[in-house]
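In our numbering, the protein residues as written are 2 to 1016.
Even glycine gets a Cβ: it sits at the ideal position worked out from N, Cα and C.
To start, the structure itself, in structure tokens.
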Amino acid sequence: MSGVNDTHKVAALGSQRAYSVVVNFIAWAVIAVGILVVVSWVLDIEAGKHILPGFQSMKFNTALCLIACGLVLWRRAPASASASDPIAAFLALFILVISGLTLFEYGSGWPLGIDNLAILDTATAPERWPGRMSGATALCFSLIGAAWLISMIPMRHSTLIFQLFALAVAIISAAAMIGYVFGVREFRLPLFSTMALHTAVLLVLCGLGMLLVRPGEGLMSSATSRYIGGRSLRRLLPFIAVTPILASWLSMQGVLAGHYSDAFGFALSSLSSILVLGFVSWLGADALNCEEERFRSTIDASPVATVMIDQGGIIRIANRLVHSVFRYPDHGLVGLSVEQLLSEPLRQSHEGYRREYMRNPTQRILGVGRELFALRQDGTEFQAEIALNPVQTADGRYVMAAVVDITDRVAAEQKILRLNRMHKVLSGINTLIVRTETRDSLFEGSTRIAVEDGELFAALIVHYDSNLQQCEILHGHTAEEQIETRLLIGLEVDSIRECVQQNRVVVRNNLAGDPGDDDPADLAKLGIRALAAFPLASNSHSPEVALLLCGRESFFFDEPELRLLLEVAGDISFAMANLDKSQELAYLTHFDKVTDLPNRLLLTDRLQQAMLQADSYQGNVSILYMDLDRFKQVNDSFGHAGGDEVLRRVAERIGECVGKADTVSRWGGDEFIVLLPGQSAGDAAGVANAISEALHSLIVLGGSRELFVSCSIGIAEYLHKSSDVDALINSARSAMSTIKEQGGNNYRHFVSGGDQASDDGLELETSLRQALGQKQFQLYYQPQIDIVSGRVLGLEALLRWHHPTQGMIAPNRFIPLAEKTGLIIPIGEWVLREACGQVATQHGLKVAVNLSARQFHQKDLVAMIRRILDETGMPSANLELEITESALIYDVELAIATMEQLNDLGVSVSLDDFGTGYSSLSYLKRFPIDMLKIDKSFIDEVTTDPDSNVIVKTIIVMAHSLELKVIAEGVETKEQLTMLREHGCDQAQGYLIARPLLCQEALEIAAQTFVVPTS
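What follows is the structure, encoded as structure tokens:
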């Protein structure tokens, strides 16, 4: 509509310019004639005064007023003329004064002397008021002057008043002019008298010019309109003006010629007026009918269903398309209420909405406003959009409503949305495939994505067992609740069976279409209106898994969606195949193909983990290295296939002899390694013995061939931080090789530090039990100095075992064994008692004694220490107990309680090997300890490794912030001691200061002062 309005605006501007040209022409014509008359009076030219002899003359004042009228008309003609024009206002006032004074003279009978003020009129008789314009002329000029002044006042209806005055001027002057047509040259009435012919003509022109000054406003808006009414009026106006005059003149001529009487002449004149009015009415009606037909044809040709509604909601116009949309017969909608075209629930609310809209109508485009459901005559509904455009006409306000059936568009939009969702599902599953590592995660993610992104009711991955003809839901996801445990309904099972057995997509798109069938009805109760099953095949074999998708609506799965979902199923199948291949590759990488046992790679990884765990928790790890005796003969006799079968039988029997936490692996050829985490060498001997006995049983191959198998077993136990994986395996292999050399079919333990394995791990344990009673243990002491002063502050007691036959046995051999066997409790009590007894008399000299984790957690620890202190006379303040971090971490609260009891006893506690355990800063703050002991592994590299240097410095700063002393163990160079001093370390011990010494030697060293280097 904006384009149409713009076209009319352009046309209106063109018409305005055309009318301005006409007004200018009238103005200059009036001015020219007025000037000619003035010149005629000055030069006494009668033709200029009368035009024709016997006609009334135009007076001098009249000519002046006409010139003023023409000037005002000229100045006001442009459309852009200013509302306040002083010159035009002065001229209008001049016209009003002259004409008003003249009327005053006529009314009062007083001559004011203005009639012959400039030029004396000698030709007019005195009784006709020489020089004075006629009363009708003065009246017209008064109306013209008043009209122009009113038009310059900003007031309401000023234009209408201006045009009414102009119309009155035109009527009065036209009446005088028509009088000359009928031969009436002079007459006199109270308010009307004959005026000069050229005065009448010019005043008619002035009136018309004034009407055309504002052609688009007031009375002239209809006459100058470009619509059918204005065009018809302008075409008929000459006929309307001329025809009655001509008919009346002819009638008068017939009367004057005596052809008929005066009464018949008046009858003919009346008949001519009737004919003119009838003809004009017929032409007007024909024009209006043509315009209405054109309007209705335009409405009917509209590509949009359109109705025009009045303020009462009644349909006044409806085009053909709207009848077709609402399925009404032609003209069946006109006269109906618009609410009858809406669904029942919307009618009442729409009535109120319509009344509110009519009070404040605004244009509304399609797609804005409420969602409406329109009602056809046959009772069916459709979704519609409405565009509204208010129309103001002469007989009231209407609304043009365009109705668009958007059912197909909404369906297309929904289809696009569903396809977009399916594309999103496809994209999401493709992303999932890249990340997933197991079938479970693939199935779980696929069903979740299908429901959440595809807005499906449910998605299930179902396994179909063709033998049992049963379905098992592997994974399921629904928009409302998890349904993994629900039983599938018969129709679903049938669909999956058909899908899997025939390897094709099965679609059930209208489950609500058969009300007599129970299965679809049951599914419909769950909210499932459609379902589709897609086969998932991970290889070239027939599928056994299907993807079951459930939709909320009937006919949910159309052809485009099925194509996308089939692609989704294909991607899932591809991912399943890749996962199977990856799992097969991983299996081949970590397992032996012959025996299905872990291979060398997996065994190495598990052994590393077990060793790390043993280091962390002070646990045990042992391994058995097994080699089948005379296996080459087996291969020679039974072939490689028979040899492989023997290996599988041996693997089965070994597996029956170990626990679930243990690992049996095929190391290579006829060699096996058994990993026994948490078991000591003694425990491993029991497992080795069980395996040997299991292998002694008869093995039957092929149902008839029999053989016995034996093996050689080497046992090695991991000593904390003493070896790596290869060293431990080599130790067990070394022990096994020794057995092999001795004939096999036995097991041996590996002994570190020697070239041969011991006969049995129990031998060392037996010697250890005897050592305490036979006084084979000795205490050595290592001085601990103050780094700043060099003064010896204490001694650390170190246990040594002097075996009568093996000599000095390293602590890392027997201390772990003592821990495992529980012998650490009596040995630890002996160490504590011996150290206190030897150093009790040394006033001010502390002695540090190590407590193992097992000792620390014994129930009577505090009572035992109190008893030893009392028996030896050792001051409690001189006793320091060293505890490792791992001894505290198992039960933090119990450890804190024990340490608090020791503090109450007066005994100080230090944390040994700090930095290698698991204590966090929060635990350190809670532990009632007095000193931290930095582990030797950090001190070894404090001068060479920047990271170790930073760690040592950080430990010292942290300890001091917690008001703890710090001692460094394992100091072996002056550079280390110097750096420790620079970092603020409090104490040190190590080979640089003194090696571990017997008590007397240590006490002699303690009496001396160590010289600490300063740089």
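Residue from Leu912, Asp948, Leu251 and Asp946 with nearest C-alpha to Asp936: Leu912
Simplified DSSP assignment, three categories, for Pro239: helix
Val507 vs Ala531 beta-carbon contact at 8 Å: no
Outcome for Gln839 when other beta-carbon atoms lying within 10 angstroms are tallied against a minimum of 16: For Gln839, the number of other beta carbons within 10 angstroms of its own is at least 16, and it is reported as buried.
Cα-Cα separation between Pro929 and Ser909, rounded to whole angstroms: 9 Å
Rounded C-alpha distance that separates Ala176 from Leu150: 25 Å
Under 8 Å between C-beta atoms of Gln378 and Phe327: yes
Within 8 Å, strictly: CB atoms of Val569 and Ile430: yes
Glu438, buried or exposed, once every other Cβ within 10 Å from all chains shown has been counted against 16: The C-beta of Glu438 has fewer than 16 other C-beta atoms within 10 Å across all chains shown, which makes the residue exposed.
Own chain partners of Leu337 with C-beta closer than 6 Å, once the 5 adjacent residues on each side are dropped: Ile316
Sequence ranges, alpha helix (DSSP H) only - wholly within the stretch 236-306, length at least 4: 263-301
Enclosing beta strand (DSSP E) for Cys658 [first to last residue]: Here Cys658 belongs to no beta strand (DSSP E), and DSSP marks it neither H nor E.
6 Å Cβ shell around Glu657 - same chain, five flanking residues per side excluded: none
Buried or exposed (CB count within 10 angstroms, at least 16 for buried), Cys712: buried
Span separating the alpha-carbon of Phe240 from that of Gly71: 28 Å
C-beta contact flag for Leu676 and Thr596 at 8 Å: no
8 Å CB neighbourhood of Lys975 in its chain, flanking five on each side removed: Leu993 and Pro1014
Three-way DSSP call (helix, strand, coil) for Asn390 in this model: strand
Contact set for Val11: own chain, Cβ-Cβ below 8 Å, skip 5 residues either direction: Summary for Val11: the model assigns pLDDT 44, below 50, so the residue's position carries little reliability; its value from the coordinates is reported in the next sentence. If we look at Val11 and ignore the five residues flanking it on each side, it has no Cβ neighbours.
Residues of its chain near Asp914, where Cβ-Cβ distance is below 6 Å and the 5 sequence neighbours each way are ignored: Only Thr885 and Asp936 meet the Cβ criterion.
Extent of the continuous alpha helix (DSSP H) run through Thr806: Note, Thr806: premise wrong, no alpha helix (DSSP H); not H, not E.
Leu74 and Gly210 closer than 8 Å at C-beta: Contact flag set, yes.
With 16 other Cβ atoms within 10 Å as the buried cut-off, status of His1: What the structure shows of the chain is the stretch from 2 to 1016, and residue 1 is not part of that stretch, so it cannot be assessed.
Euclidean distance between Cα positions of Gly620 and Ser681: 9 Å
For Ala960 and Val1012, the rounded distance between their alpha carbons: About 25 Å.
Distance between Tyr465 and Gln502 (C-alpha atoms, nearest Å): 9 Å
Neighbourhood of Met1056 by C-beta, 8 Å cutoff - its chain only, sequence neighbours within 5 removed: Absent from the structure is residue 1056, since the part of the chain shown begins at 2 and ends at 1016.
Inter-residue CB distance, Leu524 and Leu489 (contact presumed, cutoff 8 Å): Not a contact, Cβ separation roughly 10 Å.
Residue span of the alpha helix (DSSP H) that contains Tyr329, given as start and end: Note, Tyr329: premise wrong, no alpha helix (DSSP H); not H, not E.
Proximity below 8 Å, CB of Ile434 to CB of Ala576: It is a contact, given that the beta carbons lie within the stated cut-off.
Helix, strand or coil at Ser442 according to DSSP, with G and I counted as helix: helix
Exposed unless 16 or more other CB atoms sit within 10 angstroms - verdict on Met809: exposed
Pro784 (DSSP reduced to helix, strand or coil): strand
One or two residues paired with Gln384 in a DSSP bridge: Phe374
Residue burial classification, Tyr354 (beta-carbon count within 10 angstroms, cutoff 16): exposed
Rounded separation between Ile956 and Leu443 - CA only: Approximately 48 Å, taken between the alpha carbons.
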